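Data first, discussion second: the structure below is written as structure tokens.
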Amino acid sequence: MSRNGDRMWTYATGIYLFALDHGKFRLAAIFGVLCGISVLLCGGLIGSLVDRTARLKAVKISLAVQNLCVAIAATAFYLYLWYCGISIDWSNKELQLKQQKTYVKQALHFSWEAMIVILGVMALLASTAMKIAIEKDWVIIVADTKSGLASLNAVVRSIDLSCKILAPIAVGGIMSAFGLQVSAIFIAAWNIVSLFLEYALLKKVYNLVPRLAIKGTDDAVLVEEEVKVQEITDKDVEMEEMLDKNKLNKTESNSQNVEEEIPLNDTISEKEVEGKENEGEKIEAKVEYLRPKKIKKSCVQLVFGELIILIKGWKIYMKQRVVCAGLALACLYMTVLGFDSVTVAYIYSQGVNEALTGVCQGLGGLIGLWMADLVVTQLIQENVVETERGLVNGVQNSLNSLLDMLKFILVLFFATPEVFGYLIILSYIFVSLGCILYASYSYKMRGHLIPRRLKSFLLCRSQKTPNANSSPIYIGPPLQKKSERSVTET
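Read in order, the letters of the sequence shown correspond to residues 1 to 490 in the UniProt record's numbering.
So this is what it looks like as structure tokens:
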């Protein structure tokens, strides 16, 4: 339900911002740039906050912020259409104002634009936190085993892909049949209702899996390592409690300047107590040594983590065997043909039905960038050393984000549908460059570009095809052999 609401809002944002901007892509481009900058700068900070917050609390806050921001933004768009009196001619998608603009309406228009864009960015950041909490943390704890984790990841990907296909189709159909206002009300209502249902389901999962209550890798590892180092018996626990009481009595006696004897158990001597105390200190020291140390990061490292990773890891990234494949994937982000908010707004401006636009975006999720992302991710997993895998993935994500922001910055300079063709030409150039880079990687790794099966198939077809320089085809009775001719002549 969360992914479905997120996908519905992602599809509708481009059309809503295009309607607010009266037929221009300026707002959609600004929204894309702000989203890219916020994720690039705040991604590490959000991950750190999720790590330091209890699991259920982190999910509760991120879920509430995401759904409420989307609901408020959709409601604000509906109120804007209702208050400003915008009527839409569905034949040519031209926006017309019923009344003459005033300074008050212009100020309200600007405030509405700013509010919807800011709420959209906040919803994206909350969605990022929700994704980190669920897909990167909860799934690992719930799966418990590697095989279970693989199957659970496959289920999560299937759900995400289904929502990516169905959500645009549903919202596009509502827009086409009932208009933008009804679609805004539907999205707001969906997010409000799903908020309570999603939290109830997550709360149920949290109660069914007790390990989710143990927050932090340090705590889980600490428990496991304590068991591995030595099992603490009931007698040891009682002894530790007695030592704590004795230490407390010593402290009180020192503060009051009164010398008192420390009562000890009759069955245990003072040497045994000291031995147990030393033994407990050794166990604690071993566990402290085995505990993974957390590296404290400054605010600058958290905020500019992506840029720092890109600068420091660029040399290591360029030495990898899959560098051409990674650069090819990054080139695919510098395109306006990827069915994002700008692409949806342009298709909408050309008079294409919203339902058909939703179908195209849903089917586009099956191919193109999604498949290329999976392929390059698998190549990095297979060909990069484990000690450098995290750094290479970080550099790859930074490159993707930078080129995605570059796309939206270019849209700001070509903000009208009349000059959108220049962006399409530039997109084809980058897609072709990505194709060339991946072809060079494939040739470097395999030694050829054409697949072996296709090459053998073409060779078989060429051998079966008659040669053009051979003798012309004879049409008539069957020809006789040379020996048979001589017999007949004699």
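Even for Gly, the Cβ is constructed at its ideal location relative to N, Cα and C. Note that this is a predicted model, so its numbers are computed, not measured.
Contact between the stretch 154-163 and the stretch 65-85 is not established, with fewer than three Cβ pairs separated by less than 8 angstroms.
Contact between T128 and G43 is confirmed by a C-beta separation of about 7 angstroms, below the 8 angstroms threshold.
One alpha carbon belongs to L391, the other to N383, and they sit about 13 angstroms apart. Shortest Cα-Cα distance from V193 to any of G173, G36 and M1 involves M1. One Cα belongs to R211, the other to I141, and the distance between them is close to 7 angstroms. Assignment of I116 by DSSP, reduced to helix, strand and coil, places it in the helix class.
Residue state for Q378 is assigned as helix, using DSSP reduced to three classes.
Put simply, the backbone Cα of A439 is about 7 angstroms away from that of L449.
Spatial neighbours of M130 in its own chain (CB-CB distance under 8 angstroms, excluding positions within 5 residues in sequence) are listed in chain order as S2, V59, S62, L63 and Q66.
Burial check for W190: the Cβ neighbour count within 10 Å reaches 16 or more, so the residue is buried.
Annotation for C435: A328 place their beta carbon closer than 8 angstroms to its own, counting only its chain and skipping 5 residues before and after.
In this structure, the beta-carbon distance from I347 to T357 falls below 7 angstroms. It is roughly 38 angstroms from the alpha-carbon of S183 to the alpha-carbon of N393. K204 sits exposed, since fewer than 16 C-beta atoms from the chains shown fall within 10 Å of its C-beta. The way I'd put it, the stretch 13-25 doesn't touch the stretch 317-332; fewer than three beta-carbon pairs between them come closer than 8 angstroms. Judged by pairs of C-beta atoms under 8 angstroms, the stretch 410-424 does not touch the stretch 41-56, as fewer than three such pairs exist.
A distance below 8 angstroms between beta-carbons, with the five flanking residues on each side excluded, links V117 to the following residues of its chain, in chain order: L17, L27, I30, F31 and L34. Here DSSP, grouped into helix, strand and coil, assigns N207 to helix. In this structure, A73 and G120 form a Cβ contact; the two beta carbons are roughly 6 angstroms apart against a cut-off of 8 angstroms. The beta strand (DSSP E) runs lying completely inside the stretch 23-64 and spanning 3 residues or more number zero.
Take the alpha-carbon of C460 and the one of V395: they are about 45 angstroms apart. DSSP, reduced to helix, strand and coil, places D340 outside both helices and strands of the structure shown, so it counts as coil. Residue environment analysis places A177 among the exposed positions, since fewer than 16 neighbouring C-beta atoms fall within 10 angstroms of its C-beta. In this structure, the beta-carbon distance from V50 to A143 does not fall below 7 angstroms.
Between A76 and A188, the gap from beta carbon to beta carbon reaches 7 angstroms or more. By the 16-neighbour rule on beta-carbons within 10 angstroms, S398 is buried. For W138, there is no enclosing alpha helix (DSSP H), as DSSP gives it neither H nor E.
Contact check for L152 against V139 passes: the beta carbons are separated by less than 7 angstroms. Here the C-alpha atom of V323 lies approximately 29 angstroms from the C-alpha atom of S341.
Note on geometry: alpha-carbon atoms of R7 and A107 lie some 31 angstroms from one another. Collapsing the DSSP output to three states places Y333 in coil. A direct Cα-to-Cα measurement between N353 and T53 gives close to 45 angstroms. D21 sits in coil when the DSSP states are folded into three classes, being neither helix nor strand.
By the criterion of a C-beta distance shorter than 6 angstroms, Q181 is surrounded in its chain by Y78 and L81, once the five residues flanking it on both sides are discounted.
The shortest CA-to-CA distance from K57 to any of Y206, G362, G364 and G338 is the one to Y206.
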